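Novice: One structure, pasted below without further comment.
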């Protein structure tokens with residue numbers, strides 16, 4: 052039976068661990084590639100990877116996965132570090148619906 056792993060940053064790793072998924076933490080695409088190479092030698096059927104950690108790895112990933120069926124690599128969206136404040140969100144919604152900007156106090 053195949054196993055599932057996640058490669059992500061430290062910020063989102065905890066949530067996956069709480070869900071019971073094996074997690075490998077990475078801070079760069081190069082480190083992600085090294086984790087993938089390690090997982091290829093083990094019995095993994097699916098590896099979910101933070102999409103930010105896959106940037107620039109297209110060719111290297113193709114070389115590593117050539118001739119292999121598993122693991123299936125599934126990118127998932129990275130959480131956005133800069134979230135919009137509630138006030139800005141409401142102001143943007145008002146502008147979209149009534150057509151002009153309203154400053155909230």
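Numbering (our numbering), first residue to last: 52 to 156.
Using N, Cα and C, we set each Cβ at its ideal position, and we do this for glycine too.
Everything numeric in this text was worked out from a predicted model, so none of it was measured.
1) At the level of alpha carbons, what is the spacing between residue 139 and residue 84?
2) Rounding to the nearest angstrom, what Cα-Cα distance links residue 94 and residue 109 in this structure?
3) Can you tell me the Cα-Cα spacing of residue 79 and residue 113, whole angstroms?
4) Going along the chain, which residues of its own chain have a beta-carbon closer than 6 angstroms to the beta-carbon of residue 171, five neighbours each way excluded?
5) Residue 61: buried (16+ other C-beta within 10 angstroms of its C-beta) or exposed?
6) Have a look at 52, 53, 54, 58 and flag the residue whose alpha-carbon is nearest the alpha-carbon of residue 128.
7) Please report the residue range of the alpha helix (DSSP H) in which residue 83 lies.
8) Kindly list the residues whose CB is nearer than 7 angstroms to the CB of residue 106, restricted to its own chain and excluding five residues on each side of it in sequence; keep chain order.
Specialist: So, from the data block:
1) 38 angstroms
2) 23 angstroms
3) 18 angstroms
4) Residue coverage of the chain in this structure runs from 52 to 156, which leaves residue 171 outside it and unanswerable.
5) By the C-beta density criterion, residue 61 is exposed, having fewer than 16 other C-beta atoms within 10 angstroms.
6) 58
7) 80–91
8) Cβ neighbours of residue 106 beyond the five flanking positions: 80.
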